[in-house]
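Some notes on the structure that comes next.
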Amino acid sequence: EVHTQDAFEFIDEPKAVSPYHLLQQTNLTEPTVEMLEYFAASLPKKNSVDQVLALAAAVQETILYSPGQTNFATTAAQSFAMKSGVCQDHAHIMLGLCRASGIPARYVSGYFFAEDAPNLASHAWIDFCTDIDKGLWTSIDITNACFTDARHVRLAIGRDYYSAAPVKGVRSGGGGEELSASISITQAK
């Protein structure tokens with residue numbers, strides 16, 4: 006049994022990684038000049054929830070949700086060039102733009118409960134820091150255009166997909182292999 010939090014704004018644990026660490030771009034999040042110019046009017050001037058939400062809306066409007074067009078190694082720049090992607094691409098683009106605006110932001114991997122689709126694939130969204138001194142964060146789901154809530158099951162956080170992948174490992178040796186996994190989510194009564 007997993008308990009979720011029905012709050013989109015929260016204070017991080019005191020031992021958490023410094024928000025300043027989350028200003029660094031990664032290969033997956035690095036924005037291009039074209040991206041920065043395209044989103045210039047929507048880039049937050051400060052770490053205000055309203056300004057970051059406006060940027061999230063611009064990203065969601067620009068990047069068409071298109072399963073199968075990208076994969077785990079697709080960069081924000083590549084997804085932007087195609088104007089298509091999935092939740093992790095929305096998250097990587099938002100991370101790059103927030104960080105370029107001086108706002109610490111981190112990738113969140115997990116699951117999203119939808120009553121009409123109880124068997125889910127993994128999902129991604131972002132947290133951004135609204136007050137570094139207090140460790141105050143806000144969590145938003147760009148793909149579903151909402152704050153996170155009890156429908157979001159948080160598994161891991163990191164600087165990008167690679168550091169917050171829900172499953173990863175190393176295999177060596179010959180032969181073949183196949184891995185499959187499924188998850189079913191139901192709301193507790």
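Heads up, the sequence shown is in this note's numbering, so the first residue is 6 and it goes up one at a time.
Glycine included, C-beta positions come from ideal geometry on N, C-alpha and C.
Can you tell me which residues form a DSSP beta bridge with residue i?
i: Arg104; result: Answer is none; Arg104 lacks a bridge partner.
i: Arg159; result: Gly115
i: Tyr70; result: Gly90
i: Leu198; result: As shown, the chain starts at 6 and ends at 194. That puts residue 198 outside it, with no answer to give.
Rounded to a whole number of angstroms, what is the C-alpha to C-alpha distance between residue i and residue j?
i: Val113; j: Gly181; result: 31 Å
i: Ser127; j: Pro171; result: 8 Å
i: Ala110; j: Glu18; result: 16 Å
i: Ala21; j: Ser168; result: 15 Å
i: Ala59; j: Arg156; result: 22 Å
i: Gly163; j: Lys139; result: 20 Å
i: Phe77; j: Phe118; result: 21 Å
i: Asp132; j: Ile145; result: 6 Å
Take residue i and list the residues in its own chain whose beta-carbon comes closer than 7 Å to its own, dropping the five residues that flank it on each side.
i: Val54; result: Thr135, Thr143
i: Gly73; result: none
Apart from the five residues just before and just after residue i, which ones in its own chain have a Cβ nearer than 8 Å to its Cβ?
i: Asp94; result: Ile68, Thr75, Thr79, Ala81, Ser84
From the DSSP output, in three-state form, read off residue i for me.
i: Phe85; result: helix
i: Thr47; result: The question names Thr, but residue 47 in the sequence shown is Ser. The answer is helix: DSSP assigns Ser47 an H, G or I state.
Kindly list the residues whose CB is nearer than 6 Å to the CB of residue i, restricted to its own chain and excluding five residues on each side of it in sequence; keep chain order.
i: Thr34; result: Ala81, His97, Leu100, Gly101, Asp165
i: Cys92; result: His128, Ala129, Thr148
i: Ser89; result: Leu69, Ser71, Gln74
Assuming residue i and residue j form a contact by the criterion Cβ under 8 Å, report the distance between their Cβ atoms to the nearest whole angstrom.
i: Val57; j: Gly115; result: Actually they do not touch by this definition, with Cβ atoms about 19 Å apart.
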